[in-house]
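Numbering-wise (the working numbering), the sequence shown opens with residue 4 and increments by one. Quick reminder that beta carbons are idealized off the backbone N, C-alpha and C, glycines included. Treat the numbers as computed from the prediction; the structure is a model and nothing was measured.
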Amino acid sequence: MIRPFSTSAALLVLALAACDKKPANSPAPAAKADEKKAAAPVAAAPTNQPAKTAEPSTPTSAEAPVSFDASQPFPNAVDISDFGNLEPIERPDLPKRGIIVFGPDSFEHSNQAHWETYSWAKFQPKRWGKYQVRLTYTLKRSSLGMQFRIGDLVAKKPLKSASTPKKVYIGTVHIQQAGDLPFSMITPPTEDGSFKLLEVALVPAPEGESISQSDDGTITLHAKDAITWSEHMRYEPKPEKNCLGFWTEPDDFAEWEFEVKKPGRYKVTVSYGCGGGNHGSEVELKHASQSLKWVTQDTGGFQKWNDAVVGELEVNAAGTQRLVVDPVNKLKSAVLDVQKVVLTPAG
Numbered sequence: 004m005i006r007p008f009s010t011s012a013a014l015l016v017l018a019l020a021a022c023d024k025k026p027a028n029s030p031a032p033a034a035k036a037d038e039k040k041a042a043a044p045v046a047a048a049p050t051n052q053p054a055k056t057a058e059p060s061t062p063t064s065a066e067a068p069v070s071f072d073a074s075q076p077f078p079n080a081v082d083i084s085d086f087g088n089l090e091p092i093e094r095p096d097l098p099k100r101g102i103i104v105f106g107p108d109s110f111e112h113s114n115q116a117h118w119e120t121y122s123w124a125k126f127q128p129k130r131w132g133k134y135q136v137r138l139t140y141t142l143k144r145s146s147l148g149m150q151f152r153i154g155d156l157v158a159k160k161p162l163k164s165a166s167t168p169k170k171v172y173i174g175t176v177h178i179q180q181a182g183d184l185p186f187s188m189i190t191p192p193t194e195d196g197s198f199k200l201l202e203v204a205l206v207p208a209p210e211g212e213s214i215s216q217s218d219d220g221t222i223t224l225h226a227k228d229a230i231t232w233s234e235h236m237r238y239e240p241k242p243e244k245n246c247l248g249f250w251t252e253p254d255d256f257a258e259w260e261f262e263v264k265k266p267g268r269y270k271v272t273v274s275y276g277c278g279g280g281n282h283g284s285e286v287e288l289k290h291a292s293q294s295l296k297w298v299t300q301d302t303g304g305f306q307k308w309n310d311a312v313v314g315e316l317e318v319n320a321a322g323t324q325r326l327v328v329d330p331v332n333k334l335k336s337a338v339l340d341v342q343k344v345v346l347t348p349a350g
C-alpha cells in the first residue's frame with residue numbers, strides 16, 4: 004500500500020531532478036546525523052604490531068612543580084575567621100595610660116547549680132568617666148553565654164570559641180563618681196575547665212558624641228567629646244566648668260577622634276584656663292608626626308578661658324584623624340584646664 008504523503012514526496016523529487024534543482028536541506032536532522040557520525044567511534048584496523056606505551060611529556064616551564072613551604076602550607080590563603088564579625092577592631096597603637104586592668108587573681112569565683120559567678124567586690128575607681136569594658140579569655144567550646152554587670156551597664160553577649168587569648172569589647176560604662184563600684188559576671192557552668200577568664204579591662208572611651216567637620220571647614224574639639232587617657236584628669240560636666248580638669252599628672256593626656264572632609268592647613272586655637280600661680284608649664288599638641296608646643300600663662304583662674312593661637316597644622320587626608328593635648332611637664336600643683344580646641348582653615 005502506497006501512502007499518499009510518500010507518493011507526493013517522490014513526485015516532487017522527480018520534478019526537481021528534471022529541472023536540475025535539489026531540494027533544500029533540513030538543517031536540524033542533517034546536523035544531528037552529522038553529529039552522530041562524528042561521535043561514533045572508529046574501529047581500529049587489526050595489526051600484529053605490539054601496542055606502544057605513551058611516553059610522558061616533558062613539562063614546560065609553566066608546568067614546573069611549585070615549591071612547597073611546610074611552614075606556610077597555604078601561602079595565598081586569606082584569614083576569614085572573623086568574616087562578617089561586627090566586633091570593633093582594637094587599634095594597634097592603643098594607649099596604655101588610664102586603662103584599669105583586673106587580672107585572673109582579682110575576682111572571686113563561685114559555682115552554683117545552674118551558673119558560675121565571677122565577682123569584683125572591692126573596685127574603687129579614682130575618677131569618673133566613660134570606659135569600654137574589654138574581656139580577654141580562652142574558650143574550648145563553640146560558644147558560651149555571658150552576662151556582665153557594672154554600674155549602668157548590663158551586657159549579655161555570647162563568647163565565641165578561642166583557643167588562644169581573645170579580646171572582646173562588650174559595652175560602655177559611665178562611672179558617675181569615684182568610690183566603691185562592685186561588678187560581676189555570670190556564665191553557665193564550665194566545670195570542665197573549657198573557659199578561662201584572663202583579664203577584665205576598663206578602657207577609656209569618648210566622653211561625648213562623634214566629631215565631624217562643619218560646612219565652613221571648622222573642626223571644634225570640645226572637652227566633652229575627648230577620650231581621657233588618664234588616672235586623674237577627667238571631663239568636668241558642671242555648666243560653669245565644662246572642661247578637662249584635675250590635670251595634676253603630666254602623664255595624663257586627652258585625645259580627640261574626628262572626621263575630616265576637607266584636608267588642608269589649619270590654624271589651631273586652644274581655649275584653656277590657668278590660675279593660682281600655676282602657669283609656666285609646657286604643653287604639647289600633637290597630630291600625626293606634627294607637634295606644637297606652648298607655655299601656659301595665668302588667665303586669671305582655671306575657668307577663665309584664654310583663646311591661645313598655638314600655631315598651624317597640616318591635615319593631609321580625609322577620614323578619621325586624631326589630635327592629642329599632652330603636658331610636657333608640671334611646674335606646680337596643676338597644669339591647666341582645657342575647654343576646647345578649634346581648627347580653622349588657614350586659607
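Residue i and residue j look like a contact to me (Cβ under 8 Å); what is the Cβ gap, rounded to whole Å?
| i | j | result |
| --- | --- | --- |
| residue 258 | residue 229 | 7 Å |
| residue 153 | residue 186 | 3 Å |
| residue 201 | residue 121 | The Cβ separation is near 12 Å, so there is no contact. |
| residue 278 | residue 302 | 6 Å |
| residue 345 | residue 272 | 5 Å |
| residue 337 | residue 251 | 5 Å |
| residue 253 | residue 170 | At roughly 29 Å, the Cβ-Cβ gap does not stay under 8 Å, so residue 253 and residue 170 are not in contact. |
| residue 235 | residue 129 | 7 Å |
Between which two residues does the beta strand (DSSP E) holding residue i run?
| i | result |
| --- | --- |
| residue 112 | 111-114 |
| residue 282 | Run containing residue 282: none; DSSP gives neither H nor E here. |
| residue 152 | 150-153 |
| residue 207 | 198-207 |
| residue 186 | 186-190 |
| residue 328 | 322-330 |
| residue 211 | Counting along the chain, residue 211 falls outside any beta strand (DSSP E), and DSSP gives it neither H nor E. |
| residue 92 | Residue 92 -> no beta strand (DSSP E), and no H or E assigned at all. |
| residue 165 | 162-178 |
| residue 122 | 119-123 |
| residue 104 | 103-105 |
| residue 138 | 132-147 |
| residue 307 | 304-318 |
| residue 270 | 267-277 |
| residue 347 | 340-348 |
| residue 225 | 222-225 |
| residue 261 | 256-263 |
| residue 231 | 230-232 |
| residue 295 | 293-298 |
| residue 158 | 156-159 |
| residue 248 | 246-248 |
| residue 239 | 237-239 |
Please confirm whether residue i and residue j have their CB atoms less than 8 Å apart.
| i | j | result |
| --- | --- | --- |
| residue 147 | residue 198 | yes |
| residue 247 | residue 341 | yes |
| residue 339 | residue 263 | no |
| residue 331 | residue 270 | no |
| residue 289 | residue 327 | yes |
| residue 315 | residue 349 | yes |
| residue 163 | residue 150 | no |
| residue 118 | residue 190 | yes |
Counting C-beta neighbours from all protein chains within 10 Å, is the total for residue i 16 or more, i.e. buried, or is it exposed?
| i | result |
| --- | --- |
| residue 233 | buried |
| residue 237 | buried |
| residue 255 | buried |
| residue 216 | buried |
| residue 167 | exposed |
| residue 284 | buried |
| residue 319 | exposed |
| residue 324 | buried |
| residue 114 | exposed |
| residue 183 | exposed |
| residue 26 | With a pLDDT of 41 at residue 26, under the threshold of 50, the modelled position of this residue cannot be trusted; read the value that follows with caution. Looking at its Cβ environment, which holds fewer than 16 other Cβ atoms inside 10 Å, residue 26 is exposed. |
| residue 335 | exposed |
| residue 317 | exposed |
| residue 59 | Legend: pLDDT at residue 59 = 44, less than 50; position of this residue unreliable, value from coordinates given subsequently. Residue 59 is exposed by the Cβ-count criterion. |
| residue 322 | exposed |
| residue 97 | exposed |
| residue 343 | buried |
| residue 196 | exposed |
| residue 116 | exposed |
Does the structure place the segment 202-212 close enough to the segment 302-309 that three or more beta carbon pairs sit under 8 Å? no
Is the segment 123-137 touching the segment 213-221 in the sense that three or more CB pairs, one from each, lie closer than 8 Å? no
Check whether the segment 163-176 touches the segment 130-150, taking contact to mean three or more Cβ pairs, one atom from each stretch, closer than 8 Å. yes
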